[in-house]
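Heads up, the thing below is written out as structure tokens.
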Amino acid sequence: MFRASVFTLYPDFFPGPLGQSLSGDALQRGLWSLTTHNIRDHGLGRHKAVDDTPAGGGVGMVIRADVLAASLDEHLTAQDKRPRLLMSPRGKPLTQARVRELASGEGVAIICGRFEGVDERVIEARGLEEVSIGDYVLSGGELAAMVLLDACVRLIPGVMGKLESGHDESFESDLLEYPHYTRPRDFEGRTIPDVLLSGDHAKIAKWRHEQSLALTKARRPDLLKK
Ligand code: SAM
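Here it is as structure tokens:
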């Protein structure tokens, strides 16, 4: 079973949206599990401090290496080979290929940063892999962790109705997905392209591929260069 362990200062964020719809159903059906660990349980002193001022000066606070390491060490054994992902805008951008890889494994341990981030030494010492969900800065790693988990969970066998539903999708072949239509046949004078009503599956597949190519060229030419 795919097991997700999330290290956070805000465990109450979870399961949040992951408890709804497809991922929520799958969680209830035991197709994956979600555990949260409050980093603050290892905080220091009366105030359970988890952060301190940046060495060298500057604004903001940094999560202490010793506090985060203690939390990781309590809950992750040496035998636990799941990737340890630190959500971080500096990380390698998350791709559908990486999501597929993660979804086919035993699960993930995810560390959610806050403030200015975490002390570099714990990243090195505990082999954390930095992962970004895009070129923008969130206030914390929790939403980023949910994005990653949502993307993984829908690919776990048995979660989606038909396994194929993941196959034609955007990014699966470095192409964006073709447009979809459904009833009614006429919506405010806009009709469904004739080819989709023709029943000719070869023609439909060709049309969809052409649409995918045209959309990718217009919106994401970088994908075609791959
Ligand atoms: N000072 C950091 C920087 O400039 O790279 C930004 C820290 S951000 C305010 C706080 C936390 O939010 C980060 O440690 C990370 O866990 C999370 N975060 C923010 N943006 C993210 C992104 N694009 N992808 C993944 N995690 C992100």
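Residues in the sequence shown are numbered consecutively from 661, following the working numbering.
Glycine is no exception: its CB is placed at the ideal position from the N, C-alpha and C atoms.
Since we're looking at a predicted model, the values are computed, not measured.
- Following the DSSP letters along the chain, one finds residue 664 inside the beta strand (DSSP E) bounded by residues 662 to 668.
- DSSP, reduced to helix, strand and coil, places residue 708 outside both helices and strands of the structure shown, so it counts as coil.
- Here residue 847 is exposed: its Cβ has fewer than 16 other Cβ atoms, across all protein chains shown, within 10 Å.
- The Cβ neighbour count for residue 713, taken over all protein chains shown within 10 Å, is under 16; the residue is labelled exposed.
- Each of 696, 680 and 820 was checked against the Cα of residue 668, and the nearest Cα belongs to 696.
- In this chain, the beta strand (DSSP E) harbouring residue 790 covers 789 to 792.
- Taken in chain order, the complete alpha helix (DSSP H) segments of 4 residues or longer contained in the region 752 to 837 are 756 to 763, 780 to 785 and 801 to 813.
- Cβ neighbours of residue 782 within its own chain (closer than 6 angstroms, five residues either side excluded): 725, 728 and 729.
- The region 805 to 823 makes contact with the region 759 to 774; the number of CB pairs closer than 8 angstroms reaches 3 or more.
- For the 7 angstroms CB-CB criterion, residue 739 and residue 831 do not form a contact.
- Of the other Cβ atoms in all chains shown, fewer than 16 fall within 10 Å of the Cβ of residue 865; this residue is therefore exposed.
- Distance between residue 718 and residue 780, taken at the CA atoms: about 16 angstroms.
- Of the residues 858, 845, 801 and 749, the one whose Cα lies closest to the Cα of residue 792 is 749.
- In this structure residue 732 is not in contact with residue 814, their Cβ atoms being roughly 27 angstroms apart against a cut-off of 8 angstroms.
- Look at residue 694: its beta carbon is at least 6 angstroms from all of the heavy atoms in the ligand SAM.
- By a beta-carbon distance limit of 8 angstroms, residue 775 contacts residue 711. Their separation comes to about 5 angstroms.
- The C-beta distance from residue 744 to residue 802 rounds to 17 angstroms, too long to meet the 8 angstroms contact threshold.
- Residue 883 carries a helical assignment under DSSP once its states are collapsed to helix, strand and coil.
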